[in-house]
Amino acid sequence: MQFLLDLLGAIANAGDTLVEFFKSIPDYFEQFVIWVNAWYVKLKLTWLILSLELAYKTAQYLLNDIGFNDMLAGFFNALPDELRYYAFLFKIPQAISIYFNCMATAFVWKITRF
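So the sequence shown is numbered by this note's numbering: it starts at 1 and just counts up by one.
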């Protein structure tokens, strides 16, 4: 008799497990969609970083091609000695170069539309 009760209990547990599985299918689907979305965000962020690197290198090339850095160095070398000393002390030429690199990178990024 105990065997029959155990057998019926096992069948009931198996049926309950099957019912719970079907009830949790929407949760499994939601977790799968979240996982796919997380991978999409990761791939898109990686692509944005790679395209930003490419745009920065292109902007550097363009600025060197038009001679911007040489022109900037020429302008600062034409300054009086004391003014040039303080400009280099406070790294004003590097700041101007970084600013124009950022502007050129933004320009290249908008033109190429990555």
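Where is the CB? At the ideal position from N, CA and C, for every residue including glycine.
Item, Value
"Taking the CB atoms as reference points, tell me whether A55 and T105 lie closer together than 9 Å.", "yes"
"Please say whether N64 and S97 have beta carbons closer to each other than 9 Å?", "no"
"Does V36 pass the burial test, meaning 16 or more other C-beta atoms within 10 Å, or should it be called exposed?", "exposed"
"Taking all protein chains shown into account, do 16 or more other C-beta atoms lie within 10 angstroms of the C-beta of A73, making it buried, or fewer, making it exposed?", "exposed"
"T58 and T112 - do their beta-carbons sit closer together than 9 Å?", "yes"
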